[in-house]
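Numbering (our numbering), first residue to last: 1 to 438.
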């Protein structure tokens with residue numbers, strides 16, 4: 001915990017490796033006079049002094065971070081309804097656009113929202129009542145931070161680009177396309193149509209003149225950025241520099257702790273429910289069939305557009321839902337471990353280290369050309385590009401002394417290749433929470 005006593009002056013960090021950070025006074029630095037003064041004003045217990053200063057510090061730190069976050073209005077794409085490009089409940093799709101400026105006026109970052117999937121009618125009916133299935137439930141404004149930030153100090157290489165966040169409301173990583181609508185459920189499985197409708201609208205708003213473009217996304221959106229990577233590239237001018245970034249979207253096909261392929265069965269159901277087969281990369285489906293090609297380790301093998309994989313080797317969503325889902329852990333032996341690696345028993349830690357090796361093997365299927373980028377850290381996190389504290393700050397995770405923001409920018413602008421895989425847990429002290437690691 002900390003209390004802010006002032007902000008440092010703005011730094012010239014356009015080509016630096018880390019972002020600015022407030023000057024901070026930690027509780028251990030409080031003077032005796034400060035604590036005595038506080039005790040006279042409130043309570044004679046010295047411990048309370050420390051706690052109050054710490055709580056106040058946290059509030060001020062959060063307020064300071066908020067100064068660097070902008071709220072961006074929603075755009076509801078009503079015109080998409082006529083072509084059947086609609087959310088699960090039949091409502092129009094939506095996105096948020098923050099216009100670029102200056103040298104970034106013809107550069108576009110299109111970021112796809114994450115939010116899992118629905119694999120059958122029952123789950124999709126639940127989902128349609130949320131913002132992940134209906135634009136009627138979406139916030140009218142959302143904050144842009146991390147890779148979406150419009151502040152140069154916190155996003156030095158992409159801050160003045162046209163930055164878009166596409167809302168996720170179909171439950172299939174924008175691959176579904178079923179013409180028929182059941183009159184009883186009224187569910188629409190039209191994710192692929194949504195993706196194309198949104199992209200065509202952005203092209204009309206200036207993306208057709210793009211000189212630089214990135215298709216990115218987090219989690220299920222990170223999977224979208226892989227599955228639609230070549231298709232996105234095909235929509236843009238031939239001379240444009242176009243690349244894709246998948247954040248926490250490299251989901252692997254592996255056994256859970258009970259020995260079953262739970263995630264394989266789940267993805268089979270997603271592909272079947274949404275009619276996704278015809279919208280998965282043909283270069284993959286011709287070799288492996290439809291359902292395996294929902295996994296990046298198969299789908300990404302044939303991608304021609306430069307791709308950057310940002311992922312934790314111990315991605316906590318995959319640990320919780322692929323390695324140790326509830327169905328595979330009926331006695332709850334993994335509940336505490338899944339809350340944090342430091343809670344794991346030696347045997348559980350061994351299982352997680354084995355999962356890391358399976359992840360790295362799946363990753364090895366990617367082409368190892370300089371156009372492929374990788375930032376594979378050993379943090380216990382899921383989605384890092386939109387979280388300012390992980391994307392670009394003094395205390396952000398680093399590999400080879402580079403933050404995620406610097407690594408991605410160096411790769412995109414071809415300043416330097418970046419393909420780094422972290423050492424096994426718990427070796428990286430820059431990961432959040434590592435101060436308490438065993």
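Just so it is clear, CB atoms sit at the ideal spot from N, CA and C, and this is done for glycine as well.
Please read these numbers as outputs of a predicted model, since none were measured by experiment.
Three-state secondary structure assigned by DSSP to residue 403: strand
Simplified DSSP state of residue 316, which is helix, strand or coil: helix
Test item: CB-CB of residue 421 and residue 366 under 8 Å: no
Residue 49 (DSSP reduced to helix, strand or coil): Low confidence applies here, because residue 49 scores a pLDDT of 48, under 50, leaving its location unreliable; read the following figure in that light. In the structure shown, residue 49 sits in a helix (DSSP, three-state: H, G or I).
Alpha carbon of residue 102 to alpha carbon of residue 150, nearest angstrom: 12 Å
Residue burial classification, residue 141 (beta-carbon count within 10 angstroms, cutoff 16): exposed
Spatial distance of residue 371 from residue 319 (CA atoms): 29 Å
Assigned secondary structure, residue 214 (DSSP; H/G/I helix, E/B strand, else coil): strand
Cβ pair residue 234, residue 212 closer than 8 Å: no
Beta-bridge pairing of residue 243 - partner residues as DSSP gives them: 214
Limits of the unbroken alpha helix (DSSP H) element including residue 194: 191-204
Simplified DSSP state of residue 382, which is helix, strand or coil: coil
Check: residue 80 C-beta below 7 Å from any heavy atom of the ligand FAD: As for the ligand FAD, it is missing from this structure, which has no ligand bound.
Residue nearest to residue 94 in terms of C-alpha spacing, selected from 206, 168, 84 and 349: 168
Cβ contact (3+ pairs, closer than 8 Å) linking the region 172-181 and the region 202-209: no
From 108, 89, 130 and 147, residue whose alpha carbon lies closest to that of residue 406: 147
Proximity of residue 177 and residue 189 at Cβ, strictly below 8 Å: yes
Three-way DSSP call (helix, strand, coil) for residue 188 in this model: coil
Where residue 294 falls: helix, strand or coil (DSSP): helix
Where residue 285 falls: helix, strand or coil (DSSP): helix
Chain-order list of residues whose beta-carbon lies under 8 Å from that of residue 99 (same chain, five-residue window excluded): 162
Exposed unless 16 or more other CB atoms sit within 10 angstroms - verdict on residue 388: buried
Reference residue 314; option with closest CA among 248, 97, 418 and 106: 248
Whole runs of the beta strand (DSSP E) within the region 125-162, excluding any shorter than 3 residues: 141-144
Collapsed DSSP secondary structure at residue 106 in the structure displayed: coil
Close beta carbons around residue 431, own chain, < 6 Å, minus the five adjacent residues each side: 379 and 397
Contact the region 112-124 vs the region 220-228: 3+ CB pairs below 8 Å: yes
Three-way DSSP call (helix, strand, coil) for residue 321 in this model: helix
Minimum C-alpha distance to residue 362 - residue among 193, 80 and 251: 251
Start and end residues, beta strand (DSSP E) containing residue 377: 373-377
Backbone secondary structure at residue 273 - three-state DSSP: helix
Rounded distance between the beta-carbons of residue 290 and residue 270, thought under 8 Å: That pair is no contact at about 11 Å.
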